[in-house]
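Read through the structure below, which is laid out as structure tokens, and then see the notes.
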Amino acid sequence: MTSKVKDKHLSTHRSVILHYYNMGHRCAAEIARQTKIPVRTIQYNLAKIRKEGSVEHRRGNGRPRKISAEDNVAIGQWIRRNNEITSTEIVEKLQKTKNLSVSRWTVRRQLHRLGYKNVLPRGTPMLTNEQKERRVQWALVHKNDDWSRTVFSDETSYQLFRNTIRRWSKYADKEIKKIPKNKQKIMVWGAFSIKGQISCHSFRTIMDGRIYVEILQKHLIGGAKKQFGGRWRYQQDNDPKHTSRIAQQFLEDKVPETMDWPSNSPDINPIENLWSILKRRVEKRKPSNIDELDQFLHEEWKKIDLTIINNLVYSMKSRCLAVIDSKGERIDYYVLYFYSILCI
972 MTSKVKDKHL STHRSVILHY YNMGHRCAAE IARQTKIPVR TIQYNLAKIR
1022 KEGSVEHRRG NGRPRKISAE DNVAIGQWIR RNNEITSTEI VEKLQKTKNL
1072 SVSRWTVRRQ LHRLGYKNVL PRGTPMLTNE QKERRVQWAL VHKNDDWSRT
1122 VFSDETSYQL FRNTIRRWSK YADKEIKKIP KNKQKIMVWG AFSIKGQISC
1172 HSFRTIMDGR IYVEILQKHL IGGAKKQFGG RWRYQQDNDP KHTSRIAQQF
1222 LEDKVPETMD WPSNSPDINP IENLWSILKR RVEKRKPSNI DELDQFLHEE
1272 WKKIDLTIIN NLVYSMKSRC LAVIDSKGER IDYYVLYFYS ILCI
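Mapping of the sequence shown onto our numbering: position 231 corresponds to residue 1202, and the numbering continues sequentially without gaps.
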């Protein structure tokens, strides 16, 4: 392994360990179990965080930072209790409890060093207690599955003129992207397995059970048989189209095995990561009309590297363990994909 690659892996390890520490995890063995990072690496970095308040390498002998390791621990506790706390409120707490006078800019810089980012939470449906319990039971059953014969699938929509690409600018108020009032979009069904992409089909009609069956017949069965022969299983969520009588009959007749899947659980499905990657790549190409959007979508789908797909499939065990550890609550599947890369 070259020096640059090794440094990159170490930096990635430190970021993951810091994320877990900030989430309140203190057990090196538990972090190692979920991330596959060596226990001794985790122990070293946890000790470094407790002593110095950071996993960064100290450079030079300059002026010591105002905020100490002990202060960092307190800040972490405040954020875990209320992650909507503002930097101004942290300044006030430091002044009141630590007799420490710092600016909110100092606090913000330190939060960045500790791995925190100021983000707008993604909206997600609430889980009922029954759904949480069902997710845990499902994860316990499937945590040791052989995912190498599973075909993952899902539908999503792709919108023309999405506005999610961030820009660096000294004049943020002048950064404007013109967007039409009525934005066009297309629907997409896709499927993949550890052996690669099976198919990506776009359509511009409202899907029902009949259309879903047509898609499976034309775009799933042949590709899955080509990859696996007759021994594979199909994953789908519990959308009414998927559980309709016509769809269920088709699956019984044509598919060797259909997985059970917990309700309201897109976070467990690795194809959600694939959609995010695909959407960003398509958006960077700046399609100017719906036909270009469709064209770029299929071109980028074909370009997805097999390593990415392998990592997504390998992340399934970590997803199951995370669901169990969180007692059925939502999991951060972007972080889990990040962990899966470390396992290769």
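By construction, the Cβ of each residue, glycine as well, lies at the ideal position given by its N, Cα and C atoms.
All figures in this text were calculated on a predicted structure; none of them were measured in a lab.
In this structure Y1183 is not in contact with V1122, their Cβ atoms being roughly 15 Å apart against a cut-off of 8 Å. With at least 16 other beta carbons inside 10 angstroms of its own, T1006 counts as buried. Cβ neighbours of V1294 within its own chain (closer than 7 Å, five residues either side excluded): R1106, V1107, A1110, I1239 and I1302.
For the pair A1162 and S1173, the CB atoms are not nearer than the 8 Å cut-off. In this structure, A1000 places its C-beta atom within 8 Å of the C-beta atom of V1010. With contacts defined as CB atoms closer than 8 Å, W1049 and I1038 fail to qualify as a contacting pair. Counting C-beta atoms within 10 angstroms of its own C-beta, V1112 has fewer than 16 neighbours from the protein chains shown and is therefore classed as exposed.
R1079 and Y1015 have their C-alpha atoms spaced approximately 26 Å apart. Pairing K1250 with K1067, the inter-Cα distance amounts to about 46 Å. According to the DSSP secondary-structure assignment, A1162 is paired through a beta bridge with S1124 and S1170.
Two segments are said to touch when three or more pairs of C-beta atoms, one from each, lie closer than 8 Å; by this definition the segment 1068-1078 does not touch the segment 1189-1199. Counting only runs of 4 or more residues that sit fully inside the segment 1176-1238, the alpha helix (DSSP H) segments are 1180-1190, 1192-1199, 1211-1214 and 1216-1225, in chain order. Here DSSP, grouped into helix, strand and coil, assigns I1275 to coil. Counted as a single uninterrupted DSSP element, the alpha helix (DSSP H) harbouring V1044 occupies residues A1040 to R1052. Within the model, the alpha-carbon separation for E1126 versus G1299 is close to 23 Å. Under the DSSP assignment, Q1005 falls in the alpha helix (DSSP H) whose first and last residues are A999 to T1006. In chain order, G1180 place their CB closer than 8 Å to the CB of R1216, counting only its own chain and leaving out the 5 sequence neighbours on each side. With 16 or more neighbouring CB atoms inside 10 Å of its own CB, D1265 falls in the buried class. The segment 1241-1260 makes contact with the segment 1269-1286: 3 or more CB pairs, one atom from each, lie closer than 8 Å. Taking 8 Å as the cut-off, the Cβ atoms of W1160 and S1124 count as close.
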